[in-house]
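The numbers in the sequence shown follow full-length UniProt numbering, run straight up by one, and end at 627. Ideal placement from N, C-alpha and C gives every residue a C-beta, glycine not left out.
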Amino acid sequence: MSIGAEKLKGLKETAEGAGIPSPLVEKMCDFLRMTQRADLIEKLETLVQGAQKDRAPLKAELEKYYSQRLQFGTAGLRGEMGPGFNRMNDVVVRQAAQGLCAYLIDLEGSEVLKKKRVVVGFDARYNSQKFAHLTAAVFASRGVRAYLFGDISATPLVPFTVRKLGCAAGVMVTASHNPKNDNGYKVYAGNGAQIIPPTDEDIATSILKNLEPWDGVSALLSPETGLLKDPSEKSEEVLQSMWDAYTETISKELCTKKALTSQSTLKIVYTAMHGVGCEFVKRTVEAFGFSLDRLLLVSEQCTPDPEFPTVPFPNPEEKGALDLALSKADASGTPLVIANDPDADRFAAAEKLPSGQWKVFSGDELGVIFSLYRLECLKKEGVAPGDIFFICSAVSSAMLSVVAKTEGCHWEDTMTGFKWMSNKSLELKKDPKKRHAVAYEEAIGYQLSEFVSDKDGVSAAAVWAEMCCHLYAESRTVNALLEEAKKKYGYFVTNNAYYLCYDPPRVKACFDAFRSAGGAPQTYLKTIGGFEVLSIRDVTTGFDCSKPDKKCTFPLTPTSQMVTISFSNGARITLRTSGTEPKIKWYSEFSGEDEGKAKEELDRIVAAVCSEVLNAEKWGFIDPRKK
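See the structure below:
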């Protein structure tokens, strides 16, 4: 009997003696056998021994992390790092990589996969590089030499590489803007877009068929670092060549005013939120003609740091996240601030108003601004308006649809997430005359290039810098452009926020109660707070009362909640759960000729929905605005 087996036996006896159920103990031992971490066995043994008097909390914690599995879906994996099958660690990542590899072998055939290969990138979070190397080792054990980035990367470079090199799939190890203790495993299909059903379900099934560690993987990895012993033999480094190709492709496609930009004296403050974006943004804006001495970096936040010391929630949307950047802009007399989230796929911007106050643009406002600018650029290229298309998600502003209709362009909305929007863009691009202008969602995600099938905060930063140089050269501001658009296309006001809930069954119960408000299934409320409900679209159940057959045209999502309520006065609110965070989000919008009155009306509707539908007090939801 090996030392490892002896220790497992000891833990098993200790745990069962402490009253931990045998099935749970078996799950713990399975995990420990797979991870082979002696230090973890000792920690668990100490934990069990120390909880002899009060076993209930320990049992609940062990049940959560060892009896349940971190679910693989269209977002891949994302969760807290730590031991157990329900967290991000070497065992769970290895199982995911094995399942993905086996799925691709079945899909492509072993020999084809060896030729196409996969690309693997990683951000600067704790364990990201190790998880990336583990993935490459899994593929190498089956004779597939992955394209493995040799250093940290912005997320958009992975989908770009999938398409540029014709890969079978791509993996990006990142938790995007989540807190520091989280990590994730994002998977791209062979078309360069995030996976959608049924691919996610097929990969999830393949993972469950490949839970046991494959032979030959551990031997490829250093036991000290967890990295490949010989990365040049078992993988191929392509980061620099793909970075070069990305910069060339993006600037050729999107840069339209390089001479003007290079002559501008405009300065912009930039923050990377302790993430990977800085070097990528510097190089890309420089390719657009923006000199780097005019890009003022927030030094405290532009070096990658997995601790995120100045922003515990490194999302540019979070209150206070831009404070350091705004302070630097004030100190330097600069009217513009831009930001990326830690993996540089999201983009945020602010502008100083004549009053001296800062205007932080909302995700919807940025989407409309980008759309107006790209529309102008494409028209100047001679592209017919009818060949230009825009895409946004169902929870984004309807203003873009009005812009597109008014200007004679094509517009479509999709389910929430770039997995839907980027796939829709690829579908529309099957007509070679069609030109991708902008795809966006309100959560500050923007796809401006047709060659990156995902949101891309790096190209967004470069286009924004060029646009600002153009506007300021004409003595105009970004906010003035937005106000002109509102006067032309209408005032669209939004009220978007969220509640927190760490108990998924409770969230489901809340939505189910709304679905049966009349005492039977699909008997939704007819009035909310005195406002008449015109229609309900329930993507979770596939119901849409506005359709003759009552069937929703969006793909069914039975494992997540998403309901849109349309009111007779034209207001609309969508309630949905997040796929990556414990949030119940709402997205609401109302338009009118008077912006102030429209906002007052919308705020009343949102308050009514929060009271009568979500009812945070009844369901135990947490309102982060009241902290």
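With contact defined as three or more Cβ pairs closer than 8 angstroms, the region 116 to 131 and the region 192 to 203 are not in contact.
Collapsing the DSSP output to three states places residue 448 in coil. Counting along the chain, no beta strand (DSSP E) covers residue 613, and no H or E run does either. Looking at the backbone, the Cα of residue 38 and that of residue 46 are separated by about 13 angstroms. The alpha carbon of residue 225 has as its nearest neighbour, out of 319, 171, 285 and 129, the alpha carbon of 129. Assigned with DSSP and collapsed to three states, residue 28 falls in helix. Our two residues, residue 189 and residue 284, have alpha carbons roughly 26 angstroms apart in a direct line.
For residue 477, the secondary structure class from DSSP, reduced to helix, strand or coil, is coil.
Under DSSP, the beta-bridge partners assigned to residue 340 are 347. Counting C-beta atoms within 10 angstroms of its own C-beta, residue 502 has fewer than 16 neighbours from the protein chains shown and is therefore classed as exposed. Under the three-state reduction of DSSP output, residue 73 falls in the strand class. One thing to note: residue 12 has its Cβ within 8 angstroms of the Cβ of residue 25.
Going by beta carbons, residue 97 and residue 148 fall outside the 8 angstroms limit. Segment contact: the region 407 to 425 against the region 448 to 463, three or more CB-CB distances shorter than 8 angstroms; contact assigned. Following the DSSP letters along the chain, one finds residue 318 in no beta strand (DSSP E), marked with neither H nor E. Of the other Cβ atoms in all chains shown, 16 or more fall within 10 Å of the Cβ of residue 572; this residue is therefore buried.
For residue 420, the enclosing alpha helix (DSSP H) covers residues 418 to 428. A straight-line Cα-Cα distance of about 44 angstroms links residue 91 and residue 589. Considering only 424, 558, 537 and 211, the residue with the shortest C-alpha distance to residue 549 is 537.
Taking C-beta separations shorter than 7 angstroms and ignoring five residues to either side along the sequence, the partners of residue 358 in its chain run 326, 350 and 352, following chain order. A check of alpha carbon separations from residue 274 across 264, 315 and 289 identifies 315 as the nearest. Remark: C-beta atoms of residue 203 and residue 95 do not approach each other more closely than 8 angstroms. The straight-line gap separating the alpha-carbon atoms of residue 362 and residue 110 is approximately 47 angstroms. When secondary structure is reduced to three states using DSSP, residue 330 falls in the helix class. Using a 10 angstroms sphere on the CB of residue 521, the tally of other CB atoms stays under 16, which defines it as exposed. Counting the other Cβ atoms within 10 Å of the Cβ of residue 364 gives 16 or more, which makes it buried.
For residue 55, the CB contacts under 7 angstroms within the same chain, skipping 5 residues up- and downstream, are 18 and 19 in chain order. With contact defined as three or more Cβ pairs closer than 8 angstroms, the region 70 to 86 and the region 149 to 165 are not in contact. Residue 392 is bridged by DSSP to 413 and 440.
Here DSSP, grouped into helix, strand and coil, assigns residue 577 to strand. Per DSSP, reduced to three states, the secondary structure at residue 142 is coil, with no helix or strand assignment. Secondary structure at residue 406: helix, using DSSP grouped into helix, strand and coil. Each residue's CA atom was taken as its position, placing residue 282 and residue 445 some 19 angstroms apart. Here residue 569 is exposed, its C-beta having fewer than 16 other C-beta atoms within 10 Å. Of 74, 185 and 409, the smallest CA-CA separation from residue 199 is found for 74. The residue from 545, 16, 60 and 488 with its alpha-carbon nearest to that of residue 523 is 545.
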